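Notes follow the structure.
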Amino acid sequence: MLKGRPKPVLIRSIWISGVAYTSQCFPCLAGTYSKEGFSTCSPCPRNTYSLKGASSCSKCNDVTEYSEPGSAECKLRPACTDQDYFEVHTTCDHDGMTQLTYRWVKPKFCREHLEGAVTLPASGEKQQCPPCNPGFFKNNDSVCIPCPKDSFSDGTSECQQCPAGTEPIHGYEFKWWNTLPDVMQMTCFNIHTNHCRSVDDGWNLADDNIFTSVGSADDDYLILSLEVPGFSVPELDYREGQVVGTITFVFETICSEDCDFFFMLDIGKQVSKLVQTWHGSNEKQSFKYSLSTNATTIFSWAFQRSSPTNDTRKHVSDVAKIFFINVTNVLDGVASYCKSCALDVDTRSCVPCPSGHYIDSSSRFCLPCPSGTHLTNRLADGIVACQPCGLGTKSSADHSTCFSDCSYAQEHFSFNYIELAGLHTKLIGPNFTPWGKKYFHSFNFSICGQQGNALASCVDNITLLSTDSGSEGISRGLICRSNVILSDLHSVTLSSQAIILADWLVGVSTNNTLKKGMVAPSEIFSSSSFPHIPDVIHFYRSSDATPSCQNGRTTTIRLRCAPAKPIDGEFIAPRQCHDGTCDGCTFHFLWLTPAACPLCTQDDVNIIEEACRGGVQKIQHIWKQPHICHRGLSLPEDIKRHCQTISWWMRIGILVGTFLGCLLISLTFYFWKRNRKLEYKYSRLVQNSSGKENEIPTADSCAIMEGEEEEEFCMERHECLGEGC
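Taking the working numbering, the leading residue of the sequence shown gets 443, the next gets one more, and so forth.
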């Protein structure tokens, strides 16, 4: 309970086998005794003492001495002071009157006849008793008793039947403390002596408050408890994880040093849970706590002044006061007022609304919540009882909750991870106890699908493993965690410390921050292999508050595209926080899976067109590499389509064109060659004529004139001098 202070531990059962054999008897310690033939030593009663090895206890002087149980000596009785008595209001008499009186703290150790001693103050005058608490009325003996079923009272008047069209709202509302309600108990506990010094119950009643007793030792735990049998929730409207009731109380503590005030609860057969702790003096204030489990619940308040190692009463003036306690929606509780109810269409009598339906303020009929909303407050009237679902979520078919349908779409990508629907179990570890025992953190969760009704469960079966009932402590929610030990001694896996991490889905987004102030930092994980593809983040919250997590716990599960992984993928905790959390209140996880890759689209397909062969053209479809998309568009099959080759006339045209081109080239070459020959002849004639005398004039042209024919001539190597050449 406390830092640096002894913490009480509740042990359900102890089995001892093989008691060691002893061959001799040992003398009893001082303060204990044992008669002949007894096998154990017993502590001496109050106001007696004994020395070591005593067979009986000696009595202290009744007038001048006293002793605590198990004392080795007697102490002198001190003079009485104002710290040895307390004030109390008497119960109401037949006339409805009460009186302030004073009583000695029991057992009484002081002497009121010594010099300087105080005596009890005189009782006050009788005064009118306070009214009954709401839901109760006074009978003929001025005793407050509960109102009958289907009736109500504000505590000041007789019980009345609820008007037509209304129903009583049951609960507990305690604000007058003349008598202790039947559903409450007072106890005192000391972890050193297993009993309290004072024989009173640790708490005293006043008109408008109940306060801690002054007679206890400083290290006593003064405990006040309230038992609630359950909460009134219609079966068809109840969903585990939703709020079924609340408790509100007003208190104050006045302390000279560091006292402590605790608020705890026991749910079903689970061990006590410490909800909140207040240290030192606290001004009058209110505290509210919501419950999400419909089971028998015991609320407890405990006060401890200090924690000395010996029995002292230095801080008896330190006190805790509780002024007001209100528990809503109590099963078989009492009613202080009636509320308009939903009416049956035929009988016009009150009927419970189906799941996800609200009560219309005008018609008083049950109407379903609009699409995209879910019922958040069953007791509220009007459509205000329906609240919008978070980003990326939709309402279930019955509008009782919001869930993810395993799909998410944003500007550039669309995702569908339907393969991840349902329940999953992931182990993180191993971890090791100080004794070397290996254990894992087991996270059970539901990510999407199934209308949000797939609740994970975590079991605490270590504490209850050897009980006769064989029952287990089971916690259910969207995400829960337990410590799992793979035992070789039992046929079942040992599991302990089951806690709920999430009981509703707040929203789904690809942004690291949700509008409601929830953050999923990306830097706590390694960077993605595909940074252009965003992670899909599921944001969860739990309403289960603790002293360290006063606003409940938050959890984020980051889905990241990993095409090379199997569908189940890899579940990873942050590098710096191997347990998934660095503060115990905020949990972050990374899930690498191909199901988180975006849906395949036409942009992910490459189209390859082959050449036309034999009048057929083949079109192939292949994925772009690297292939990272998932589901969505299937890869299209290859296509074969008819195509036309070059036509016959086009072939003829090509052949003719080719022929004409070749002919043109040949003619060009021919005329070029002929021109070269003529040029050669001309040049030879010029050379020959330039070296002869009496040469006739050179012709102006070697061309053949019109009407002339080309003369053939031959040239031999010998010179021709005659006419017959």
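Note that the Cβ used here is the ideal one computed from N, Cα and C, for glycine as well. Owing to the predicted nature of the structure, the values given are computational and were not obtained by experimental measurement.
For residue j and residue i, the rounded distance between their alpha carbons
i	j	result
C483	F703	36 Å
D945	G814	19 Å
K548	G512	18 Å
P794	C783	8 Å
S968	A1015	11 Å
D1097	T1110	The amino acid occupying residue 1097 in the given sequence is Leu; Asp does not appear at that position. Their Cα atoms are separated by approximately 20 Å.
G824	S791	19 Å
V787	F807	7 Å
C486	M628	26 Å
C1071	Q684	38 Å
L1077	G994	47 Å
K763	T695	6 Å
R1116	I1107	14 Å
P1040	S917	34 Å
D902	L943	15 Å
W1114	W1091	34 Å
A514	L493	6 Å
A962	S938	28 Å
L897	S584	50 Å
A496	P469	8 Å
H866	S888	6 Å
D1010	A1037	9 Å
I456	S565	50 Å
I1094	L1102	12 Å
Buried or exposed (CB count within 10 angstroms, at least 16 for buried), residue i
i	result
Y1112	exposed
N736	buried
F693	buried
P1008	exposed
T490	buried
M960	buried
G912	Confidence at G912 is low in this model, with a pLDDT of 41, below 50, so its placement is unreliable and the value that follows should be read with caution. Exposed, because fewer than 16 other Cβ atoms sit within 10 Å of the Cβ of G912.
N886	buried
Q977	Checking the displayed sequence, the identity of residue 977 turns out to be Asp instead of Gln. Flag for D977 reads buried.
H1084	exposed
P812	exposed
E609	buried
Q746	buried
R1055	exposed
S842	buried
H536	exposed
Start and end residues, beta strand (DSSP E) containing residue i
i	result
Q569	568-570
Q805	Note on residue identity: the sequence assigns Ser, not Gln, to residue 805. S805 -> no beta strand (DSSP E), and no H or E assigned at all.
W546	539-546
W618	Here W618 belongs to no beta strand (DSSP E), and DSSP marks it neither H nor E.
H883	880-888
L408	Shown here, the chain extends from 443 to 1167; a query on residue 408 therefore has no answer.
V670	663-670
L862	Element bounds for L862: n/a, residue is neither H nor E.
E694	687-696
N768	761-770
I633	No beta strand (DSSP E) holds I633; DSSP gives it neither H nor E.
I904	Segment: none, I904 is in no beta strand (DSSP E) and carries neither H nor E.
V926	921-927
Q746	739-746
S856	856-858
P588	586-588
T438	Shown here, the chain extends from 443 to 1167; a query on residue 438 therefore has no answer.
V505	It is not in any beta strand (DSSP E) - V505 carries neither H nor E in the DSSP assignment.
S849	849-851
F578	578-580
Supposed contact pair residue j and residue i - C-beta distance, whole angstroms, cut 8 Å
i	j	result
T738	G672	6 Å
F578	V776	6 Å
A648	H555	Going by Cβ atoms, the distance from A648 to H555 rounds to 30 Å, so no, they are not a contact pair.
I652	W619	5 Å
V948	R983	5 Å
G631	Y663	Checking the displayed sequence, the identity of residue 631 turns out to be Phe instead of Gly. 5 Å between Cβ atoms; contact.
I689	V769	5 Å
S924	A940	4 Å
beta-carbon residue i near the ligand ZN non-hydrogen atom, thresh 6 Å
i	result
R806	Within the structure as shown, the ligand ZN is missing, as the structure has no ligands at all.
At 4 residues or longer, and completely inside the segment 1053-1139: list those alpha helix (DSSP H) runs for me, N to C. 1090-1132
Complete beta strand (DSSP E) runs within the segment 967-1047 (minimum length 3 residues, chain order): 978-983, 996-1003, 1012-1014, 1028-1035
What are the start and end residues of each continuous beta strand (DSSP E) run of 3 or more residues lying completely inside the segment 699-731, in chain order? 702-709, 715-721
Which residue spans inside the segment 777-846 form an unbroken beta strand (DSSP E) run of at least 3? 799-801, 808-810, 815-817, 828-830
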